[in-house]
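Visitor:
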Amino acid sequence: MRPVIKSAWPQEKGRPKSYIPHTKANNDLEATLGPYCSYCEVFSSDLEIEHIISQDQDDTLAHDWDNFLLACGKCNGKGGKSNKPVDFTTMHFPHLNNTFLSFSYKEGGLITVNPAPTGISRTHAENMLNLVGLDKYPGNKKYPKQSQNDKRWKHRKIAWEWAMKYLPEYEAGQKTAQDIVDFATQNGFLSVWYTVFANHPPVKQLLIRSFAGTATNCFDTTNSFQPVPRNPESQTDPI
Ligand SMILES: [Zn+2]
607 MRPVIKSAWP
617 QEKGRPKSYI
627 PHTKANNDLE
637 ATLGPYCSYC
647 EVFSSDLEIE
657 HIISQDQDDT
667 LAHDWDNFLL
677 ACGKCNGKGG
687 KSNKPVDFTT
697 MHFPHLNNTF
707 LSFSYKEGGL
717 ITVNPAPTGI
727 SRTHAENMLN
737 LVGLDKYPGN
747 KKYPKQSQND
757 KRWKHRKIAW
767 EWAMKYLPEY
777 EAGQKTAQDI
787 VDFATQNGFL
797 SVWYTVFANH
807 PPVKQLLIRS
817 FAGTATNCFD
827 TTNSFQPVPR
837 NPESQTDPI
């Protein structure tokens, strides 16, 4: 999951901008986060305002900038996050953690919890995966009654296949890093492209710079743009 930088509450006439109704936040959110679902990473011109703490859980946060992200209908809706209870202290979030370290991306559109982090970090990654249901794909026994309409895995699979097609072309000098990134940014799924181009720092550098809203501080510029923990001071969960 792409880690993002979310700007502070935008100001208007010297005071925090009003987001009543909350849909007024859409353009400001896209300006800071880019046109991508904060959870599944799909590129979309039809993203919804995602209330991190749902209105069922706390309606006093319904117009609060700090409680917004952008999400596609699947991640935001029934079968996704919907109005499930959220606890920031037990789940990774893309604007608070380096969520690239939370998950592993694989062939076939598959996503799993990254086995590398241990203990609490891993539990927090798992809690996020379950909150949004990103690992819903046909045959996953965790979800026996999965809706056929949930095609997030399929879009991730297509991104993986495009990245695998571009990889040898890049390595043969037929495609530049810019060619790859121009295509990737119009489709989304930075995490997939980043995973496939893991051995090519110039591509990784351009990916994290070109996907608007990516938290570039989550990647080590002095070490091949390897992902690094976002909260190193935390004893319990540095991710
Ligand atoms: Zn989504």
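Numbering (this note's numbering), first residue to last: 607 to 845. Here a beta-carbon is modelled for each residue, glycine too, at the ideal position from N, C-alpha and C.
(1) Given a cut-off of 8 angstroms, decide if W759 and V802 are closer than it, judged by their beta-carbon atoms.
(2) Which same chain residues end up closer than 8 angstroms to F709 when comparing Cβ atoms and leaving out the 5 residues on each side of it in sequence?
(3) Please list, in chain order, all residues of the same chain as Q661 whose beta carbon is under 7 angstroms from its beta carbon, the five residues on each side excluded.
(4) Cβ of A677 versus every heavy atom of ligand 1: is any distance shorter than 7 angstroms?
(5) Following the continuous beta strand (DSSP E) through A677, name the residue where it begins and the one where it ends.
(6) Give a yes or no on whether the C-beta atoms belonging to Y776 and V738 are separated by under 8 angstroms.
(7) Kindly indicate which three-state DSSP category I845 falls into: helix, strand or coil?
(8) Is any heavy atom of ligand 1 found at a distance shorter than 7 angstroms from the C-beta of C681?
(9) Could you check the C-alpha separation between T695 and N689 for me, to the nearest Å?
(10) Excluding sequence positions up to five away, which residues of its chain have a Cβ less than 6 angstroms from the Cβ of I698?
(11) Please report how far the alpha carbon of S651 lies from the alpha carbon of L676, in whole angstroms.
(12) In three-state DSSP terms, what is R608?
(13) Taking F649 as the reference, which of T629, N829, Q832 and F817 has the closest Cα?
(14) Return yes when the C-beta of R762 is under 7 angstroms from any heavy atom of ligand 1, and no when it is not.
(15) In chain order, what residues of the same chain lie with their CB nearer than 8 angstroms to the CB of S624, ignoring the 5 residues before and after it?
(16) Could you round the C-beta distance between W822 and V610 to whole angstroms and report it? I think they count as a contact, below 8 angstroms.
(17) How about V648: is its Cβ closer than 7 angstroms to a heavy atom in ligand 1?
(18) Sort out for me which residues DSSP pairs T820 with in a bridge.
(19) Considering only C-alpha positions, which residue in the set Q754, V692 and Y772 is nearest to N673?
(20) Note the first and the last residue of the continuous beta strand (DSSP E) segment covering H657.
(21) Just to confirm my understanding: we take G843, look at its own chain, exclude 5 residues before and 5 after, and list those with CB closer than 6 angstroms. What are they?
(22) Near E713, what residues of its chain come up, given a Cβ to Cβ distance below 7 angstroms and the 5 sequence neighbours on each side ignored?
(23) Which residue marks the beginning of the beta strand (DSSP E) containing L716, and which one marks its end?
(24) Using only alpha-carbon positions, find the residue among K771, A637, C643 and Q784 that is nearest to L813.
Guide: On the basis of the data shown:
(1) As a working note, residue 802 is residue 196 in the sequence shown. As a working note, residue 759 is residue 153 in the sequence shown. Their beta carbons are not under 8 angstroms apart, which means V802 does not touch W759 by this criterion.
(2) By one-based count along the sequence shown, residue 709 stands at place 103. Result list for F709: M607, I717, T718, V719, N720, A731, L735, L740 and S797, in chain order.
(3) Counted from its first residue, the sequence shown places residue 661 at position 55. Cβ contact annotation for Q661 (same chain, cutoff 7 angstroms, sequence separation greater than five): A668, in chain order.
(4) The residue you call residue 677 lines up with position 71 of the sequence shown. Yes, the beta carbon of A677 sits closer than 7 angstroms to at least one heavy atom of ligand 1.
(5) By one-based count along the sequence shown, residue 677 stands at place 71. Segment F674 to A677, the beta strand (DSSP E) holding A677.
(6) Here residue 776 is taken as the residue at index 170 of the sequence shown, counted from 1. Here residue 738 is taken as the residue at index 132 of the sequence shown, counted from 1. No.
(7) Translated into positions along the sequence shown, residue 845 becomes position 239. Under the three-state reduction of DSSP, I845 is assigned to coil, being neither helix nor strand.
(8) As a first step, residue 681 must be located in the sequence shown, where it is residue number 75. Flag set: Cβ of C681 near ligand 1.
(9) Taking the first residue of the sequence shown as 1, we reach residue 695 at position 89. Taking the first residue of the sequence shown as 1, we reach residue 689 at position 83. In this structure, the CA atom of T695 is about 17 angstroms from the CA atom of N689.
(10) Residue mapping note: residue 698 aligns to position 92 of the sequence shown, counting from 1. The amino acid at residue 698 is misidentified as Ile; the sequence shows His. Around H698: T705, S708, H730, A731 and M734.
(11) Counting from 1 along the sequence shown, the entry for residue 651 is found at position 45. Counting from 1 along the sequence shown, the entry for residue 676 is found at position 70. Roughly 11 angstroms separates the two Cα atoms.
(12) Locating residue 608 in the sequence shown gives position 2, where the first residue counts as 1. Look at R608 here: in three-state DSSP terms it is coil, with no helix or strand label.
(13) Locating residue 649 in the sequence shown gives position 43, where the first residue counts as 1. It is F817.
(14) Along the sequence shown, read from residue 1 onward, the residue named residue 762 stands at position 156. No; taking the cut-off as 7 angstroms, the Cβ of R762 has no heavy atom of ligand 1 nearer than that.
(15) Along the sequence shown, one-based indexing puts residue 624 at 18. Within its own chain, the residues whose Cβ lies closer than 8 angstroms to the Cβ of S624, once the five positions on either side in sequence are excluded, are E618, K630 and H669, listed in chain order.
(16) Position 216 of the sequence shown, counted from the first residue, corresponds to residue 822. Position 4 of the sequence shown, counted from the first residue, corresponds to residue 610. Sequence check: residue 822 is Thr here, not Trp. Rounded, the Cβ-Cβ distance is 10 angstroms, inconsistent with contact.
(17) Residue mapping note: residue 648 aligns to position 42 of the sequence shown, counting from 1. Flag set: Cβ of V648 near ligand 1.
(18) In the sequence shown, residue 820 corresponds to position 214, counting from 1. Beta-bridge pairing links T820 to V610.
(19) As a position in the sequence shown, residue 673 is number 67, starting the count at 1. Put simply, of Q754, V692 and Y772 the residue whose alpha carbon is nearest the alpha carbon of N673 is V692.
(20) Position 51 of the sequence shown, counted from the first residue, corresponds to residue 657. Going by DSSP, H657 is part of the beta strand (DSSP E) stretching over E654 to H657.
(21) Taking the sequence shown and counting its residues from 1, one reaches residue 843 at position 237. Checking the sequence shown, residue 843 turns out to be Asp, not Gly. The residues are I726, S727 and H730.
(22) Counted from its first residue, the sequence shown places residue 713 at position 107. By the criterion of a C-beta distance shorter than 7 angstroms, E713 is surrounded in its chain by W766, once the five residues flanking it on both sides are discounted.
(23) Indexing the sequence shown from 1 puts residue 716 at position 110. DSSP places L716 in the uninterrupted beta strand (DSSP E) bounded by L716 to V719.
(24) Translated into positions along the sequence shown, residue 813 becomes position 207. For the residues K771, A637, C643 and Q784, the minimum Cα distance to L813 belongs to Q784.
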